[in-house]
Amino acid sequence: MQFDLAVSNELKSTEFSKGFRQAAADRGNCPTGAWEDVGYPDHPEVSTRLWIVDRILSPQTFPHFLSFLGHGRLPGGKLTTIPLPAEEEVMLLLQPYSNWATAPYSNMTETPIDNCMKFMGSDEVPRQLVPITKELHSMKSRIWEGIPPLSKRRWEDLDLDNPDNFRAACTYLAMTTDAFNYLNIPVIKSAMRDTYNSIYDELETFEKAINARRSVSEGETLRLAALWYEFFNAHCSFIASRAHFWVTENIERLRNGVLERMENLTPRSDDEWFGGASLELADNIYDLTQNAAAADIGIYIPMDGYKGSGVESADSWEPNDSDKAPYREYPIESHPSVQKRTADYHARLKYLTRVETWRGRESQNPAFGPGGMNATDPSTFGIGVVGQCRSQGQAQKSTRAEMRGSMKLPDTTGREMWIDELRQHISSGQLRTSFLVYRTCFDHSDEQWELFKAKFEADVNDWGRDLEAIDDVKNLFKVQWVDARDTAERPIDIDGAKSKFRELVQNGAIPNGFHDGFFLAADKSSVDSYLNPGVNQSGFIVAVDNNFDREDTSGYRMDETPGYDGQVRVLGSLLWDDVSAQISRQSQYLEDIWPLAMQQDLQVYEGPWINEKLKPSQ
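The numbers in UniProt numbering rise by one with no breaks, and the one at position 287 of the sequence shown is 287.
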């Protein structure tokens, strides 16, 4: 076996091997590292792609932290053991220190929460503002909230297990990993850590001011900065675990399908094994292996250098001689440096792959053919290829278990943060999760209208297939139909429906539990999409932004959402666990998802965009 390892290492450096890797890069089915989606000054596509100013540490993270201070349940479901501040103390974050603090903090005129939000990205702290492509920004935004790229239903609707859609499936997988690769780019990683640490320092100052105030009444010590670390670490661990599970679960299923098709191939000669369908399947296995490796290494946000973690920054890590060795014969573990993780992972995977292959041969495993793979016998050669692929798959599982096991990430199977957060507030009666739906088209008969409503409701209510025990939450999501006609019984358009909706808002007449910033409109195209669906177009509805005013768009970054007119067609299947989930997490609103619809033929939002690159204007 040692000779085999030596020969294998030599082959890795040959021109053939380099050409193989280049062919994989040309296929474009694997993560790229995200650099091409970051708008550095001399980027070749700076004027031809749609760029978004990204706040590296998403601003809604701090409001989520404040919500956590009210109930104490961390992302992932565990309750904190650190005492929480009193509600009135949390409210003091909104007031200048000078209004309530004792000396020496009483002469500070800043407001703690304003300082924290400033650190997340403003003209005063421009380092936290980075231009990235809309495609990356939209994926990062949903991943940051623990929302997977596609639900199980959406994956099935897109038929991504179909071999004809292999490239599309890989694109979704790669985009997910690249969202984390972006956060692991050294300058980005450093900037996000600096933001976190600045907030930590501010909360330390706040807790000292509170503790000075408490000391008068001999209250227990507040540890707000420690709560911030515990919350942020739990948040990062949850989103990494959720995204990694989503990627690897889909890879495993795709891989099994490819291996099954490999086993069923019956080429008549070695030449046929190295071309046509055989070569395509081998390429598929390679691409899935690389996607899995990239996910195992990259879907992780280490806490090195984060105040409260007790772990020093690994930014200055440099490889030693052992790090440069081609193989790792002993178990590996995770490391804060992505360069170190990459070196260890691939060296360990190569070693374990050879170990698994030799085990199969020495045990006379039929998967390797009689006595192992026989390249001169077409009847056993194919079986041997499958056997080697299975060996590599098992080796990769072992490598993954070693590296990611040491990350100590939570089990997020069947959980999503937005669902957990909603549960914390059900009893308040203040949740707005349902939609009013206005009928703005009367070209259809009553029978057709009733059929449309039935199809629409069945469509939007079919969600959560991959989630566990969510009946209590699903009951929060409803639609209520409104017949939008004026006093003369004439139909009105969407603008007319908006006027009626605004009247309800102004009069405080929006039903309890229903959105007051958005509503839905069933226009002719929406009704027809359900009554007469196209081959490549599922049913959709129009989502309308109540706050948008064509005469005053000052509250919107129109350069980042070109052509936005206050409404977006949305697939009914994405209404609750995509659009509503992102709205509930304050992650992306209608103006944010519009660019993902604007280049689609009917301008329908269908989830993450994977087609031609988004352009800055239409």
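Built from N, CA and C at the ideal position, the CB exists for glycine as well.
| Own chain residues within Cβ distance below 7 angstroms of residue 655, not counting five before or after | There is simply no residue 655 to check, as the chain begins at 1 and stops at 618 in what is shown.
| message | Taking 8 angstroms as the threshold (C-beta atoms), are N107 and Y338 in contact? | response | The question names Tyr, yet the displayed sequence has Val at residue 338. No, they are not a contact pair.
| task | Please list, in chain order, all residues of the same chain as L467 whose beta carbon is under 6 angstroms from its beta carbon, the five residues on each side excluded. | result | G414
| said: To the nearest angstrom, how far is the alpha carbon of T111 from that of L93? | reply: 7 angstroms
| query | Where I210 and S237 are concerned, what is the direct C-alpha to C-alpha distance, given to the nearest angstrom? | reply | 29 angstroms
| Are the beta-carbon atoms belonging to Y182 and I132 less than 8 angstroms from one another? | yes
| request: Could you spell out the range, first to last residue, of the alpha helix (DSSP H) harbouring F245? | output: 224-263
| request: Return the chain-ordered list of same chain residues with a C-beta closer than 7 angstroms to the C-beta of F206, the five sequence neighbours on each side being excluded. | output: L93, P112, L224
| query | How would you call G508, buried or exposed, if buried means at least 16 neighbouring beta carbons within 10 angstroms? | reply | exposed
| field | alpha helix (DSSP H) runs contained entirely in the stretch 117-144, provided each spans 4 or more residues | value | 134-144
| task | If I'm right that L571 touches Y605 with Cβ under 8 angstroms, what's the distance once you round it to whole angstroms? | result | 7 angstroms
| request: Might you give, ordered along the chain, the residues of its own chain that have their beta carbon closer than 7 angstroms to the beta carbon of H137, omitting 5 neighbours on each side? | output: I52, D54
| task | Name, in chain order, the residues that DSSP records as bridge partners for D545. | result | F518
| query | So, F514 versus D545, is the Cβ gap smaller than 8 angstroms? | reply | no
| field | Whole runs of the alpha helix (DSSP H) within the stretch 324-368, excluding any shorter than 4 residues | value | 338-362
| Nearest to N197 by CA position, among N115, H244, W246, is which residue? | N115
| 8 angstroms Cβ cutoff met for E591 and Q599 | no
| field | The alpha helix (DSSP H) enclosing Q567, as first and last residue numbers | value | First-last for Q567: 567-571, but that is the beta strand (DSSP E), not the alpha helix (DSSP H).
| task | Report buried or exposed for R341, applying the criterion of at least 16 other Cβ atoms within 10 angstroms of its Cβ. | result | buried
| Counting along the chain, where does the beta strand (DSSP E) carrying W481 start and finish? | 479-483
| message | My output table needs one value for D415: the three-state DSSP class, helix, strand or coil. | response | First, the residue type needs correcting, since residue 415 is Arg and not Asp in the sequence shown. Here R415 sits in coil by DSSP.
| request: Counting only the same chain and skipping the five closest in sequence on each side, list residues whose C-beta sits under 8 angstroms from that of C343. | output: Here the sequence assigns Ala to residue 343, which means Cys is not the residue at that position. Contacts found: P319, D323, K324.
| task | Report, in whole angstroms, the separation of the C-beta atoms of L57 and M117, which I expect to be a contact under 8 angstroms. | result | Not really, about 11 angstroms apart at Cβ, beyond 8 angstroms.
| Using CA coordinates, which residue listed in C441, I332, L349, V437 is at the minimum distance from M407? | I332
| task | Kindly indicate which three-state DSSP category Q537 falls into: helix, strand or coil? | result | strand
| Helix, strand or coil: which one does DSSP assign to V437? | strand
| Among E89, G539, R557, E204, the one whose alpha carbon lies nearest that of V460 | G539
| message | Considering just the uninterrupted stretch of the alpha helix (DSSP H) at R167, what are its terminal residues? | response | 166-184
| Going by alpha carbons, who is nearest to H244 out of S141, L259, A295, N475? | A295
| task | Taking only the alpha-carbon atoms, compute the straight-line gap between A543 and R550 and give it to the nearest angstrom. | result | 16 angstroms
| Taking Cβ positions only, does I301 come closer than 8 angstroms to chain D? | Protein chain content of the structure displayed is limited to a single chain, and chain D is not contained in it.
| How many Å lie between H425 and D565 at the Cα? | 32 angstroms
| request: Would you kindly work out how many angstroms separate the C-alpha atoms of S316 and P336, rounded to a whole number? | output: 11 angstroms
| query | Leaving out the 5 sequence neighbours to the left and right, which residues in its chain are closer than 7 angstroms to S98 when beta-carbon positions are compared? | reply | S106, N107, M108, T109
| task | Find out if the Cβ-Cβ distance for the pair S334, M403 is shorter than 8 angstroms. | result | yes
| request: With a 10 Å radius around its C-beta and 16 neighbouring C-beta atoms as the bar for buried, classify R569 as buried or exposed. | output: buried
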